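What follows is a single structure, written as structure tokens, with notes after it.
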Amino acid sequence: MASTIGTRSFEDGFHLVIAHTDSPRLDLRPTPLYESDHFSYFKTHYYGGIRKYQWGTMPLAIHGVFSRADGTTVSVNVGEDENDPVFCITDLLPTV
């Protein structure tokens with residue numbers, strides 16, 4: 104947030120400028136993981152103007168935070184290390 108405070112009273116009026124950016128992302132659904140034809144898949148919901156054809160075969164990572172019952176949190180990061188599994192949105196159906 105940025106602001107400039109002037110010398111006149113708010114009763115004289117004020118200007119408000121607000122902007123936002125779309126942040127493209129995929130969210131996992133509550134029970135996201137399923138398997139079919141020897142592959143594992145995630146059920147997702149997309150936000151922020153994602154066009155499926157723009158993301159085909161682009162390597163993706165999962166970043167998140169788990170909240171435990173005792174109130175502690177655990178950060179998760181899968182897909183950034185070269186030894187991690189690779190996630191992608193396929194542009195063609197996988198064949199076995």
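In our numbering, the protein residues as written are 104 to 199.
For each residue, glycine too, the CB sits at the ideal point set by N, CA and C.
Here the structure is a predicted model, which means the values were calculated and not measured.
{"Asked": "What span of residues does the beta strand (DSSP E) with Asn-180 cover, start to end?", "Found": "176-181"}
{"Asked": "Helix, strand or coil: how does DSSP classify Asp-115 here?", "Found": "helix"}
{"Asked": "Can you confirm whether Glu-183, when its beta carbon is compared against all beta carbons of chain D, has any partner nearer than 9 Å?", "Found": "Absent from the structure is chain D; it holds one protein chain and no more."}
{"Asked": "Measuring only the C-alpha atoms, how far is Pro-133 from Phe-117?", "Found": "44 Å"}
{"Asked": "Who are the near neighbours of His-166 in its chain, counting only those whose CB is closer than 6 Å to its CB and skipping five residues on each side?", "Found": "Asn-180"}
{"Asked": "In terms of residues, what are the limits of the beta strand (DSSP E) holding Tyr-150?", "Found": "142-150"}
{"Asked": "Provide the residue span of the beta strand (DSSP E) that contains Gly-167, from first to last.", "Found": "165-170"}
{"Asked": "Of all the options Gln-157, Tyr-156 and Leu-163, which has the alpha carbon lying nearest to the alpha carbon of Phe-145?", "Found": "Leu-163"}
{"Asked": "Could you give the C-beta distance for Gly-159 and Asp-184, rounded to a whole number, given that I count them as a contact under 8 Å?", "Found": "Actually they do not touch by this definition, with Cβ atoms about 23 Å apart."}
{"Asked": "Take Tyr-149 and list the residues in its own chain whose beta-carbon comes closer than 6 Å to its own, dropping the five residues that flank it on each side.", "Found": "Leu-129"}
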